[in-house]
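Residue numbers (this note's numbering), protein chains in the order written: chain R, 25 to 64; chain B, 199 to 446.
A virtual CB, placed ideally from N, CA and C, is assigned to each residue, including glycine.
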Amino acid sequence: MNGYVGAGYGVTLVVLGAYAWWILRRGRSLTKKRSQQRPR
Amino acid sequence: MTVTSDARTPSSGPLTMALGIASLLALGVTVAIGISLPTTVEQGDYSRLIAIHPGLAWASYVAFGVAALSSAAWVWPRTRDIRWDLLAGASMEVAVVFTALTLITGSIWGRPTWGVWWTWDARLTLSALMLMLELGYLALRRVPGEPEATASRSAYAAMLSVVVVPINHFAVEWWRTLHQGRSLLQSNPQRELDGEFIGAMMLGFLAMTLIYCWLVSHRTRVARLELAEHEVLLAQALQERRAEEISV
Numbered sequence: 025m026n027g028y029v030g031a032g033y034g035v036t037l038v039v040l041g042a043y044a045w046w047i048l049r050r051g052r053s054l055t056k057k058r059s060q061q062r063p064r
Numbered sequence: 199m200t201v202t203s204d205a206r207t208p209s210s211g212p213l214t215m216a217l218g219i220a221s222l223l224a225l226g227v228t229v230a231i232g233i234s235l236p237t238t239v240e241q242g243d244y245s246r247l248i249a250i251h252p253g254l255a256w257a258s259y260v261a262f263g264v265a266a267l268s269s270a271a272w273v274w275p276r277t278r279d280i281r282w283d284l285l286a287g288a289s290m291e292v293a294v295v296f297t298a299l300t301l302i303t304g305s306i307w308g309r310p311t312w313g314v315w316w317t318w319d320a321r322l323t324l325s326a327l328m329l330m331l332e333l334g335y336l337a338l339r340r341v342p343g344e345p346e347a348t349a350s351r352s353a354y355a356a357m358l359s360v361v362v363v364p365i366n367h368f369a370v371e372w373w374r375t376l377h378q379g380r381s382l383l384q385s386n387p388q389r390e391l392d393g394e395f396i397g398a399m400m401l402g403f404l405a406m407t408l409i410y411c412w413l414v415s416h417r418t419r420v421a422r423l424e425l426a427e428h429e430v431l432l433a434q435a436l437q438e439r440r441a442e443e444i445s446v
């Protein structure tokens, strides 16, 4: 596969994957903080 | 205004899980088909980027449009609900990602085919303007203030700036541009593209739309949690302040 084509697909997959991972991680950390804040 | 009841309701249920799986499958198939497309006389290997680049652009239009529509729903008194504002913010953030990727993949495609990484043609310039407007909207949301005031300010910004989307889309028809003209909405699309390239491009549209839906549903949930956390911290700060006043 041509380098430019590989770069195009690669950057797309990496950026989308990293953003999705960041969202999921942020959601998990906020949910955990929330369950710690709620009185038992 | 409180969103604690919303924050308790997760968006990551069976529906979003199914959406996530569908997105991954669609993206996987799109990439597989895209990289195995045949070479073309005009552009050789580089035509293979057709499976992702138009899809990214399409998703950026959808994201900006949803942000503007949600903003209108916030502004209109009958539908006024902070959830519309949270959706607008989430959608605009996702729009930044898709617009940036559109510009990056477009630049990568342009370098070998046009000989330049960038040129100030109408489509490229308007796409860059779109990205600046999206970033400006997100910066506006970060200006400190009451959530309702922030929501209203941002809503007007989104509704005014969304006009760049149709102008960008029609730029290739209204002005003489280096960027390719429209390939699909013609009486005979196959005059511009062979069937397998059209198929790959449509699959890219589908994959990016599914990915947009999954990203925005999770990002909106995170936004609800952030707002709920802000309210909890504010309540705690007020309680501490009152306790200080009482002790004095």
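Cross-chain neighbours of residue i in chain B, by beta carbon under 9 Å
i     : result
R:Q60 : Within 9 Å Cβ-Cβ: nothing; R:Q60 doesn't reach chain B, min ~11 Å.
Chain-ordered chain R contacts of residue i [CB-CB under 8 Å]
i      : result
B:W282 : The contacting residues do not exist; B:W282 stays about 20 Å from chain R at best.
B:G397 : Simply none; closest approach about 17 Å.
B:H377 : Chain R residues near B:H377: none, gap ~16 Å exceeds 8 Å.
B:W307 : Y28, G32
B:E438 : In chain order: nothing, as chain R lies at least about 15 Å away.
B:T238 : Here the premise fails: no neighbours, minimum Cβ distance about 12 Å.
B:I219 : Neighbours of B:I219 on chain R: none; closest Cβ ~13 Å, over 8 Å.
B:E443 : Under the 8 Å cutoff, chain R gives no residues; its nearest Cβ is about 24 Å from B:E443.
B:T303 : G32, V35, T36
B:L254 : T36
B:L329 : Per Cβ cutoff of 8 Å: no residues; B:L329 is ~14 Å from chain R at best.
Nearest residue (CA-CA) to residue i, options the options
i      : options                        : result
R:K56  : B:Y354, B:L247, B:L423, B:A347 : B:L423
B:A355 : B:R339, B:W256, B:N366         : B:R339
B:T375 : B:W307, B:A320, B:V446         : B:A320
R:Y28  : B:A441, B:I302, B:V362, B:M406 : B:I302
R:L37  : B:R309, B:E346, B:S221, B:E427 : B:S221
B:H367 : B:T311, B:R281, B:P252         : B:P252
B:L448 : B:R419, B:G402, B:E442         : Because chain B in this structure spans residues 199 to 446, residue 448 of chain B falls outside the shown range and cannot be described.
B:L322 : B:R281, B:S352, B:V370         : B:V370
B:T228 : B:A405, B:S359, B:S352         : B:A405
B:Y335 : B:I306, B:T238, B:V294         : B:V294
R:V39  : B:G304, B:E443, B:D243, B:L299 : B:L299
B:V264 : B:E332, B:D392, B:G343         : B:E332
B:T297 : B:I280, B:A286, B:M330, B:W312 : B:M330
R:S59  : B:A441, B:V430, B:W307, B:S359 : B:V430
B:T311 : B:E344, B:T214, B:T238         : B:T238
Cut-off 8 Å between Cβ atoms - residues of its own chain near residue i, not counting five sequence neighbours on either side
i      : result
B:S385 : No answer about B:S385 holds up, because its pLDDT of 48 lies below 50 and its placement is not dependable.
B:L235 : S245, R246, I248, A249, E394, F395, A398
B:L217 : L408, C411, W412, S415
B:M357 : A266, S269, A270, V273
B:V446 : none
Same chain, Cβ closer than 7 Å to residue i, neighbours up to 5 away in sequence not counted
i      : result
B:R417 : A288, E291, V292
B:I365 : L324
B:G211 : none
B:T277 : A271
Chain-ordered neighbours of residue i on chain B, where CB pairs are closer than 7 Å
i     : result
R:K57 : E427
R:V39 : V295, L299
Contact list for residue i against chain R, beta-carbon separation under 7 Å
i      : result
B:P310 : Y28
B:E332 : Neighbours of B:E332 on chain R: none; closest Cβ ~14 Å, over 7 Å.
B:R321 : Those within 7 Å of B:R321 in chain R number zero; the least Cβ separation is about 17 Å.
B:R417 : I47
B:L247 : V29, G32
B:V420 : I47, R50, G51, L54
B:V430 : Q61
B:E424 : L54
B:I250 : G32, Y33, T36
Closer than 9 Å at the beta carbon, the chain R residues around residue i
i      : result
B:D243 : M25, N26, Y28, V29
B:G232 : V29, Y33
B:L401 : None at all; the shortest Cβ gap to chain R is about 14 Å.
B:I409 : L40, A44
B:V229 : Y33, T36, L37
B:L413 : L40, Y43, A44, I47
Chain-order list of residues whose beta-carbon lies under 6 Å from that of residue i (same chain, five-residue window excluded)
i      : result
B:D283 : W272, A349
B:A205 : Note that B:A205 has pLDDT 44, beneath the 50 cutoff, so the model's placement of it is unreliable and the number below is only indicative. Excluding residues within five positions, the ones whose Cβ falls inside 6 Å are R422, L423, A426.
B:R309 : W315
- Message: Quick test of the definition: if touching needs 3 or more C-beta pairs under 8 Å, does the stretch 259-266 of chain B touch the stretch 400-417 of chain B?
- Response: Touching, yes.
Runs of 4 residues minimum, wholly inside the stretch 260-299 of chain B: which ones carry the alpha helix (DSSP H) assignment? Restricted to the stretch 260-299 of chain B, not a single alpha helix (DSSP H) segment is unbroken, complete and at least 4 residues in length.
Of all the alpha helix (DSSP H) runs that stay within the bounds of the stretch 287-364 of chain B, which reach a length of 4 or more residues? Restricted to the stretch 287-364 of chain B, the alpha helix (DSSP H) segments that are unbroken, complete and at least 4 residues in length are 320-339, 345-359, listed in chain order.
message: To test your reading of the DSSP string, which unbroken alpha helix (DSSP H) runs of 4 or more residues are found completely within the stretch 233-258 of chain B?
response: You should have found no qualifying run.
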